[in-house]
Amino acid sequence: MPFAHAADGAALHYEVRGAGEPLVLLSGQANDHHWWDAVRAAFEAEFTTVVMDYRGTGASDRPETDTYSTPGFARDVLAVLDHAGIGRAHVYGTSMGGRVAQWLAAGHPGRVGRLVLGCTSPGAPHGVERGPEVRRALAQPDAVAARRALRELMYTPAWLARHDGPLHTLGDPTMSAGDRRRHLRASARHDAWDALPRITAPTLVVHGTDDRFNPTANAPLLAERIPDARMCLIPGARHAYFEEFADIATPLVIGFLSDGVLPALPPRRTAG
Numbered sequence: 001m002p003f004a005h006a007a008d009g010a011a012l013h014y015e016v017r018g019a020g021e022p023l024v025l026l027s028g029q030a031n032d033h034h035w036w037d038a039v040r041a042a043f044e045a046e047f048t049t050v051v052m053d054y055r056g057t058g059a060s061d062r063p064e065t066d067t068y069s070t071p072g073f074a075r076d077v078l079a080v081l082d083h084a085g086i087g088r089a090h091v092y093g094t095s096m097g098g099r100v101a102q103w104l105a106a107g108h109p110g111r112v113g114r115l116v117l118g119c120t121s122p123g124a125p126h127g128v129e130r131g132p133e134v135r136r137a138l139a140q141p142d143a144v145a146a147r148r149a150l151r152e153l154m155y156t157p158a159w160l161a162r163h164d165g166p167l168h169t170l171g172d173p174t175m176s177a178g179d180r181r182r183h184l185r186a187s188a189r190h191d192a193w194d195a196l197p198r199i200t201a202p203t204l205v206v207h208g209t210d211d212r213f214n215p216t217a218n219a220p221l222l223a224e225r226i227p228d229a230r231m232c233l234i235p236g237a238r239h240a241y242f243e244e245f246a247d248i249a250t251p252l253v254i255g256f257l258s259d260g261v262l263p264a265l266p267p268r269r270t271a272g
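Just so it is clear: in the sequence shown, position 21 is 21 by the working numbering, and no numbers are missing.
Written as structure tokens, this is what we have:
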């Protein structure tokens, strides 16, 4: 297991697999590299994938300091790329990973080829926050009920009825409560609005039309703010569109990363 080291000395676990141009896959908040397990093999047929454990997750170090931020995570990604000997890579970030990817592309344009921002947001105060009913459901004291609410924000009921798990998008189970709070603060403090016009990488914004965890209204905000960005909304998809709707999302992203050609999206799926 290779480890890079951040500027503050924190060890960062990462993996490199596949063939072709390098593609960095960035996970969501409080998740390690297993976030991508369900779809990573499909990308490896076309690209050399790079996945990592953020500080505070997986096998990476877990400093108990306030060193967690989306710009800081972007610097950690650069440390991984430097250690792996990768000068320039495509970047696909989802959820908080999309927030990290925004800083990476805006601040280090020479390191990013094409950029995909999935189910993400420009951050406060310009982004659209989740509704109060969603926040209450996730913060309820009944842990089982809160986890059920998270599952239902990630996936449709029809998909959950057919999949018992494991669901790697629900958070790294090895994290401490402190690690989770630090990740939550890092994501909540994200504000890349002023940096977005500096992104020069060809950019695709992807979102599910039924995403309430990170509201779909954030997608056009990003697409309009980033020069020449393109947007695709996947009908009926919730937050974990990249897994549940992988048959649509993965070819969509691969087509964009490979030659910029986007396949036509199918109509909205019916339940069942």
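Idealized CB from N, CA, C, for every residue including glycine.
*Asp76 versus Tyr54 - alpha carbon distance*: Taking the sequence shown and counting its residues from 1, the one referred to as residue 76 is at position 76. Taking the sequence shown and counting its residues from 1, the one referred to as residue 54 is at position 54. Cα-Cα distance, rounded: 8 Å.
*On the three-state DSSP scale, how would you describe Glu64?*
Here residue 64 refers to the residue found at position 64 of the sequence shown. Residue state, collapsed to three classes: coil.
*Which residues in the same chain have their Cβ closer than 6 Å to the Cβ of Arg225, if we skip the five residues on either side of it in sequence?*
Along the sequence shown, one-based indexing puts residue 225 at 225. Around Arg225: Leu196.
*Give a yes or no on contact between the stretch 204-213 and the stretch 221-240, applying the rule of three or more CB pairs nearer than 8 Å.*
Yes, since at least three Cβ pairs between the stretch 204-213 and the stretch 221-240 fall closer than 8 Å, the two stretches touch.
_Whole angstroms are fine: how far does the CA of Pro227 sit from the CA of Thr57?_
Numbered from 1 along the sequence shown, position 57 holds the residue referred to as residue 57. Numbered from 1 along the sequence shown, position 227 holds the residue referred to as residue 227. Spanning the two alpha carbons is a distance of roughly 33 Å.
*asked:* Could you check whether Gly93 and Ser131 sit closer than 8 Å to each other, using their CB atoms as the reference points?
replied: For the purposes of this step, residue 131 is identified with residue 131 of the sequence shown, where counting begins at 1. For the purposes of this step, residue 93 is identified with residue 93 of the sequence shown, where counting begins at 1. According to the sequence provided, residue 131 is Gly. The question's Ser does not apply to it. Not closer than 8 Å, so no.
*Return the residue from the list Ala101, His90, Ala19, Leu265 that minimises the CA-CA distance to Pro122.*
Position 122 of the sequence shown, counted from the first residue, corresponds to residue 122. Pro122 has its Cα closest to that of Ala101, out of Ala101, His90, Ala19, Leu265.
*Give me the Cα-Cα distance between Leu167 and Asn214, rounded to the nearest whole angstrom.*
Counted from its first residue, the sequence shown places residue 167 at position 167. Counted from its first residue, the sequence shown places residue 214 at position 214. Their Cα atoms are separated by approximately 18 Å.
*With DSSP run on the structure shown, which of helix, strand or coil describes Glu46?*
Counting from 1 along the sequence shown, the entry for residue 46 is found at position 46. Here DSSP, grouped into helix, strand and coil, assigns Glu46 to coil.
*Examine the Cβ distances between the stretch 41-53 and the stretch 15-31 and report whether three or more of them are shorter than 8 Å.*
Yes, since at least three Cβ pairs between the stretch 41-53 and the stretch 15-31 fall closer than 8 Å, the two stretches touch.
*Have a look at Pro173 and Arg180 and give me their C-alpha separation to the nearest angstrom.*
In the sequence shown, counting from the first residue as 1, residue 173 sits at position 173. In the sequence shown, counting from the first residue as 1, residue 180 sits at position 180. Rounded to the nearest angstrom, the two C-alpha atoms are 10 Å apart.
*Mind reading off the beta-carbon distance from Leu275 to Arg212? Whole number of angstroms is fine, and I expect it under 8 Å.*
This structure does not reach residue 275, given that the chain is present from 1 up to 272, and the question cannot be answered.
*Beta-bridge pairing of Arg17 - partner residues as DSSP gives them*: Translated into positions along the sequence shown, residue 17 becomes position 17. Thr49.
*Where do the ends of the alpha helix (DSSP H) carrying Ile254 lie?*
Against the sequence shown, residue 254 aligns to sequence position 254. Where Ile254 is concerned, the enclosing alpha helix (DSSP H) stretches over 246-259.
*Going by other Cβ atoms of all chains shown within 10 Å of its Cβ, with 16 needed for buried, is Asp82 buried or exposed?*
Here residue 82 corresponds to residue number 82 of the sequence shown, with the count starting at 1. It counts as exposed.
_Out of Asn218, Ala201, Ala229, which one is the CA nearest neighbour of Arg111?_
In the sequence shown, residue 111 corresponds to position 111, counting from 1. Of Asn218, Ala201, Ala229, the smallest CA-CA separation from Arg111 is found for Ala201.
*Ignoring anything shorter than 3 residues or poking outside the stretch 100-157, list the beta strand (DSSP E) runs there in chain order.*
Within the stretch 100-157, the complete beta strand (DSSP E) runs of at least 3 residues are 112-118.
*If you follow the beta strand (DSSP E) that Leu233 is part of, which residue opens it and which one closes it?*
Position 233 of the sequence shown, counting from 1, holds the residue named residue 233. Unbroken beta strand (DSSP E) run through Leu233: 230-234.
*Would you mind listing the alpha helix (DSSP H) stretches within the stretch 70-101 that are 4+ residues and don't spill past its ends, in chain order?*
Listed in chain order, the complete alpha helix (DSSP H) runs (minimum 4 residues) inside the stretch 70-101 are 70-84.
_C-beta atoms of Ala89 and Leu12 nearer than 8 Å_ = Counted from its first residue, the sequence shown places residue 89 at position 89. Counted from its first residue, the sequence shown places residue 12 at position 12. No, they are not a contact pair.
*Sort Ala4, Ala6, Ser27 by Cα distance to Gly171 and report the nearest one.*
Counting from 1 along the sequence shown, the entry for residue 171 is found at position 171. Distances from the CA of Gly171 to each of Ala4, Ala6, Ser27 were compared; the closest alpha carbon is that of Ser27.
*Below 8 Å between beta carbons: does that hold for Tyr68 and Arg185?*
Here residue 68 is taken as the residue at index 68 of the sequence shown, counted from 1. Here residue 185 is taken as the residue at index 185 of the sequence shown, counted from 1. In this structure, Arg185 lies closer than 8 Å to Tyr68 by Cβ.
_Here's the rule I'm using: 16 or more other beta-carbon atoms within 10 Å means buried, otherwise exposed. How should Arg62 be labelled?_
Indexing the sequence shown from 1 puts residue 62 at position 62. By the 10 Å Cβ count, Arg62 comes out buried.
_Closest to Gly85 by C-alpha separation, out of Arg114, Phe3, Ala177, Ala249, would be which residue?_
Translated into the one-based positions of the sequence shown, residue 85 becomes position 85. Minimum Cα distance to Gly85 is reached at Phe3.
_Check for me: the beta strand (DSSP E) holding Leu26 runs from which residue to which?_
Taking the sequence shown and counting its residues from 1, the one referred to as residue 26 is at position 26. Element bounds for Leu26: 22-26.
*Cβ-based burial, Ser187 [other Cβ within 10 Å; buried from 16]*: Stepping through the sequence shown from its first residue, residue 187 is reached at position 187. Ser187 counts as buried, since no fewer than 16 other beta carbons sit within 10 angstroms of its beta carbon.
*When you compare only the Cα positions, how much space is there between Leu252 and Met52?*
Here residue 252 refers to the residue found at position 252 of the sequence shown. Here residue 52 refers to the residue found at position 52 of the sequence shown. Distance between the alpha carbons of Leu252 and Met52 is about 23 Å.
_Runs of 3 residues minimum, wholly inside the stretch 163-216: which ones carry the beta strand (DSSP E) assignment?_
Segments of the beta strand (DSSP E) lying fully in the stretch 163-216: 203-208.
_Where Leu160 falls: helix, strand or coil (DSSP)_ = Working through the sequence shown from its first residue, we reach residue 160 at position 160. Judged by DSSP in its simplified three-state form, Leu160 adopts helix.
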